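I have placed the structure first, in the form of structure tokens, so that the comments after it can refer back to it.
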Amino acid sequence: MTLDASSTSLVAIIAAVAAGVALVLIVLLANRTARMRRDYSVLQGGDGPESFVEVVARKADEVEVLRSEVAELTAQLQRTRHDLSQALRHVSVVRYDAFGDMGGRMSFSVALTDDLGDGVVLTTIHARAESRTYIKGIRRGEAEVLLSPEEQQALDEILRSLP
432 MTLDASSTSL
442 VAIIAAVAAG
452 VALVLIVLLA
462 NRTARMRRDY
472 SVLQGGDGPE
482 SFVEVVARKA
492 DEVEVLRSEV
502 AELTAQLQRT
512 RHDLSQALRH
522 VSVVRYDAFG
532 DMGGRMSFSV
542 ALTDDLGDGV
552 VLTTIHARAE
562 SRTYIKGIRR
572 GEAEVLLSPE
582 EQQALDEILR
592 SLP
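The sequence shown begins at 432 in my numbering and counts up one residue at a time.
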């Protein structure tokens, strides 16, 4: 099989076009490979002592430590809230004159309760010659014994403010 001149020219043109396409593909692939190498070197840390992957792993460990610390703080906050709800932190004071002949409202009743309304009412009656102090228990906002009007007033002020 002999090739004539026109067939040889056609084969040469096709070979030249194929070589040109191959050259363009080689240049595109070389650019893409260079870009991938540059990106990979950034991931490897370039000039730094740690690679990107090592930094991400370290940060993931730090986040895990923070999560455990947040869980611990949340539990501690719940315990503190519980303790605080049981503290005698609601206070109301009513001052009055227990006897008509005394001035200055020297007698007083103090109600002290926690968030549930548990606590005490403390009353001091001041007279000319002596003072007497009484304490009465409060459970769920109710007195264990009969309260005087002043004691009830002090307790009512607290009960209106309870959550």
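A virtual CB, placed ideally from N, CA and C, is assigned to each residue, including glycine.
Quick caveat: nothing in here was measured; it's all calculated off a predicted structure.
Relative to the C-alpha of Q584, which residue among T554, L515, L547 is closest?
Of the candidates T554, L515, L547, the one whose C-alpha sits nearest the C-alpha of Q584 is T554.
Residues near A574 by beta carbon distance below 6 Å, same chain, minus five either side
For A574, same chain residues with a beta-carbon under 6 Å away, outside a window of 5 residues either side, are K567 in chain order.
How far does the beta strand (DSSP E) with A518 in it reach, from first residue to last?
Where A518 is concerned, there is no enclosing beta strand (DSSP E), given that its DSSP letter is neither H nor E.
Looking at the unbroken alpha helix (DSSP H) that takes in A560, where does it start and where does it end?
For A560, there is no enclosing alpha helix (DSSP H), since its DSSP letter is neither H nor E.
By a C-beta neighbour count over all protein chains shown, 10 Å radius and 16 as the cutoff for buried, is V525 buried or exposed?
Looking at its Cβ environment, which holds 16 or more other Cβ atoms inside 10 Å, V525 is buried.
State whether the region 576-583 contacts the region 542-554, with contact taken as three or more CB pairs (one from each stretch) at a distance under 8 Å.
Enough Cβ pairs lie closer than 8 Å, so yes.
Kindly list the residues whose CB is nearer than 6 Å to the CB of I589, restricted to its own chain and excluding five residues on each side of it in sequence; keep chain order.
Only H521, S523, A542, T544 meet the Cβ criterion.
Proximity of R512 and G548 at Cβ, strictly below 7 Å
Their beta carbons are not under 7 Å apart, which means R512 does not touch G548 by this criterion.
Just checking my contact of I569 with A529 at CB under 8 Å: how many whole Å lie between their CB atoms?
About 21 Å separates the two Cβ atoms, so there is no contact after all.
Taking the straight line between their C-alpha atoms, what separation do you get for S562 and R510?
Approximately 41 Å, taken between the alpha carbons.
What separation, rounded to the nearest whole angstrom, lies between the Cα atoms of I595 and R469?
A question about residue 595 goes unanswered here, because the residues of the chain that appear run from 432 up to 594.
S540 burial status per 10 Å Cβ neighbour count (16 or more: buried):
Buried: at least 16 other Cβ atoms inside 10 Å.
Contacting residues, own chain, Cβ-Cβ under 8 Å from E495 (five flanking each side not counted)
Hits under 8 Å: none found.
To the nearest angstrom, report how far apart L515 and D546 are at their CA atoms.
Their Cα atoms are separated by approximately 8 Å.
Within 10 angstroms of its Cβ, does S538 collect 16 or more other Cβ (buried), or is it exposed?
Looking at its Cβ environment, which holds 16 or more other Cβ atoms inside 10 Å, S538 is buried.
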